[in-house]
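Residue numbers (our numbering): -11 to 666. Positions of the beta carbon are idealized from the N, C-alpha and C atoms, including for glycine. Structure record follows, encoded as structure tokens.
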Amino acid sequence: MAGLLLSLTFTGCEQPKETLSIIPVPLNTEIVGGAFAVNEQTQLWIDAPEADKKILQEYLAASPLKLSVATERPTDNFILLNQTEGVGDIKSQEGYVLTATKNGVEIQATSGAGLFYGVQTLLQMTKEANKVALGTITDEPRFEYRGMMLDVSRHFFGLDFVKKQIDAMAYYKLNRLHIHLTDAAGWRIEIKKYPRLTNFAAWRTGKNWKEWWNGDKKYVEEGSEGAVGGYFTQDQCREIVEYAKKHYITVIPEIEMPSHSEEVLTAYPELSCTHVPYKQADFCVGNEKTFEFLENVLLEVMEIFPSEYIHVGGDEASKKSWETCPLCQARMKKEGMKEIDELQSYLIHRVEKFLNEHGRNLLGWDEILEGGLAPNATVMSWRGVEGGLKAIEGGHRAIMSPGGFCYFDSYQDAPHTQPEAIGGYLPLKKVYSYDPIPETFTPEQAKLMYGVQANLWAEYIPTPEHLEYMIYPRILALAEVAWSAVPNKDYDDFHARALKAVDELRAKGYNTFDLKNEVGNRPGADKPIEHLGIGKKVVYVDSTQYYKGYAAGGDDALVNGILGGWSYTDQLWQGFLNGVDVTIDLEKETPIKSVNADFMQICGPGVFMPKQVIVSISNDGKEFTELAKVDHQVVKDDAVTFKTFGWSGEANARYVRYQASHDEQFGGFLFVDEIVIK
Ligand SMILES: [Zn+2]
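Quick look at the structure:
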């Protein structure tokens, strides 16, 4: 079977199951042994409507398979693509059946997309030796929406880059490309009616986002010295749409509202509550001109993008300026609104109505739930999964892209081995582990789960090479989450396939993360450690209670034997806003040799090392003797760092008290994972 890309997986005592090296893993694979070899005489025959036939023929002509196009239906040495009314048990339009015999390969599907996905499977099977294992693959996606979002605002990535990613998305059977076209860092789409959006709001100071964000945060005229940015012309957007269409991918444009719009409100300050540039991120919802602007922009956007959905952002509005703005207040009064949130939902509802009138549907981040969800809207859940679940409970569709599993701007390996990222820790395995459908869902609710999406926010990703590095191979895991049936998922098997895929992607010129040299999680985070304090009672001082959002499981978190991983967000680190002061009761006088705790620092989100640590002991729990007082100078930097603070020596004690204090000039959080007593 050499050269056939077969790997063997063993599950329990069953027979070894042959799997092909295909990502995402197909629904059902039956391999009978032997192979069909594709050569230059192999003839292609496509039986499909003209438009699909043209796309598939051109696509295959540009592929590594050098096929001859048959003039009549061939009977030997063939590749047949056959669009039919129904194919076996396949329910999805995107499903297909690929049958390989010694005479050739036939792919059957009910749509051009189905044939296209069969072709992707064929290409993956033939990638090394031009051979197709004999047998039948019956395959269809688990979710209809399988997406990736590119943020081209924080850093602009141009036409060729987007096309290159579309190539890879299609190969792994993803079908939605969501482009975040507008944000504070730059407006990225030509709008004929509002030229200031691209000759001014698309350009900024600062060679990268970080320098701009931490610097003067100014916009500059297009063509001025040092201007950084760019935008897609309308023709380029059409080219992206057309290119994506030939890969059976729908492009969903995102135009942010009511917030994340500093760039618009500096170019057109009359659309803000204060009319002062550089003052706010939120549109004035009281002003009719805001709606005139948004509708005009959306008309041009809809003209270019034929997608069912138009994404309107909707996230992170501060709503501050609305509280004191006469127009916003007048709007509230007129509409009988009590809460400021209702202004947000007023805008979203009104924009949804406008989109619906033009035959489109509204998609937005989960904040669009605030103040009441617009009737036909679909929610993209990013602040955890709750938004999506709530939308589904209300009978709406949801797309899941929770930060903990789908935010590819997080570190994918030990931070000290990686380029600077926004934070977090999202290795391949964690992406792979995600299941968008909770066990508690009814079948009806599960039907409303539209799909899943990876988000590539680009604040810390200044170059196209870096962006690819963050995408690959994690997007392969997401593709399998989105496409493959849960019982077919197996991380070890996937990992073996992903290693091959990384080599293949590199050979095609993609800059991928070096999966084979992955370091993995922080030691102690996956496997518990032993020490004297495990399972013992921890007493917290009320004034220094841990922060509920970072409880890491509660009162026993510091003595559960599990260390924190590379991110304070992994629920293994306990967070403190007012210093740490805990006492552990060892239940009897015990000889001890060391008391230590690790802290982590990542300054961006306000996580700092302690300024001072004190370790003391007692035998009655009242009178404490200080063993060590460690002073530490907190230094602000860009790195993610870990440090151990504590005491070692010889002592006998029943009670061990561990105190740590903040450096007041920085404030923020202290994060501790475990008080390790030996
Ligand atoms: Zn206002």
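Residue i in three-state terms, based on DSSP
i     : result
N728  : Because the chain spans -11 through 666 in this model, residue 728 falls outside it and cannot be assessed.
T238  : strand
M458  : helix
A470  : helix
L69   : strand
G21   : strand
N284  : helix
Q667  : With the chain covering -11 to 666 only, the question about residue 667 has no answer from this structure.
L15   : coil
L169  : coil
F279  : helix
A616  : strand
G376  : helix
M245  : strand
W561  : coil
G382  : coil
L(-6) : For L(-6), the pLDDT reaches just 43, beneath the cut-off of 50, and the residue's location in the model is therefore unreliable, leaving the point undetermined.
E2    : In this prediction, E2 has a pLDDT of 46, which is less than 50 and means its spatial position is unreliable; what the coordinates show is noted afterwards. In the structure shown, E2 sits in coil (DSSP, three-state: anything other than H, G, I, E or B).
G497  : coil
Y479  : helix
Length of the line joining the Cα atoms of residue i and residue j
i     : j    : result
T(-3) : R462 : Note on T(-3): pLDDT 43, under 50, position unreliable in the model; no value is reported.
N640  : G508 : 37 Å
G214  : L185 : 18 Å
I517  : Q647 : 22 Å
R669  : G360 : For the chain, the structure presents residues -11 to 666; residue 669 sits outside this window and is missing.
W9    : E291 : Before going further, note that residue 9 is Ser rather than Trp in the sequence given. Those two C-alpha atoms are separated by around 41 Å.
Y643  : D543 : 16 Å
D354  : S369 : 5 Å
Y538  : G552 : 12 Å
S649  : E611 : 21 Å
C394  : L343 : 28 Å
Q71   : D148 : 32 Å
N163  : F633 : 49 Å
T170  : I580 : 58 Å
W310  : K322 : 15 Å
L103  : D40  : 9 Å
E432  : H384 : 11 Å
E577  : G609 : 11 Å
L378  : M388 : Rather than Leu, the amino acid found at residue 378 in this sequence is Lys. Distance between the alpha carbons of K378 and M388: 12 Å.
K308  : I328 : 9 Å
P246  : C591 : 29 Å
I154  : L32  : 24 Å
Y422  : P265 : 42 Å
L503  : Y159 : 19 Å
V601  : L574 : 20 Å
Q317  : V285 : 25 Å
T(-1) : Y399 : Model confidence at T(-1) stands at a pLDDT of 42, short of 50, so the residue's coordinates are unreliable and nothing is read from them.
Endpoints, the beta strand (DSSP E) within which residue i is located
i    : result
P579 : 568 to 589
E178 : Taken as a continuous stretch (DSSP letters only), E178 belongs to no beta strand (DSSP E), as it is neither H nor E.
D661 : 658 to 665
F393 : Here F393 belongs to no beta strand (DSSP E); instead the alpha helix (DSSP H) covers 391 to 394.
T430 : Per DSSP, T430 belongs to no beta strand (DSSP E) and is neither H nor E.
D645 : What sits at residue 645 in the sequence shown is Arg, not Asp. Start and end: 629 to 649.
N443 : 437 to 444
V300 : 297 to 301
K525 : 525 to 528
T366 : 366 to 369
I605 : 600 to 606
For residue i, the first and last residue of its enclosing alpha helix (DSSP H)
i    : result
L55  : Per DSSP, L55 belongs to no alpha helix (DSSP H) and is neither H nor E.
N65  : Where N65 is concerned, there is no enclosing alpha helix (DSSP H), given that its DSSP letter is neither H nor E.
V229 : 222 to 233
N187 : 184 to 187
I154 : 147 to 159
A215 : That residue, A215, is in no alpha helix (DSSP H); it is neither H nor E in DSSP.
L259 : First-last for L259: undefined, no H or E at that position.
is_contact[residue i, chain B] using C-beta, thresh 8 Å
i   : result
A25 : Absent from the structure: chain B. Only one protein chain is present.
Inset, instruction - Jot down the residue ranges of each uninterrupted alpha helix (DSSP H) in the region 305 to 354, minimum 4 residues, whole runs only, in chain order. - result: 308 to 312, 314 to 322, 329 to 345
Legend entry - Entirely enclosed beta strand (DSSP E) segments - the region 78 to 141, minimum 3 residues: 84 to 89, 92 to 97, 119 to 127, 133 to 139
Inset, instruction - Would you check if the region 497 to 508 and the region 394 to 408 touch, i.e. whether three or more CB-CB distances between them fall below 8 Å? - result: yes
Inset, instruction - Decide yes or no for the touch test of the region 18 to 26 against the region 111 to 124: beta carbon pairs closer than 8 Å, at least 3 of them. - result: yes
Inset, instruction - Could you say if the region 124 to 135 and the region 204 to 218 meet the contact criterion of at least three C-beta pairs nearer than 8 Å? - result: no
Inset, instruction - Would you check if the region 625 to 632 and the region 516 to 531 touch, i.e. whether three or more CB-CB distances between them fall below 8 Å? - result: no
Legend entry - Validate contact between the region 183 to 200 and the region 295 to 305 using beta carbons, cut 8 Å, 3 pairs: no
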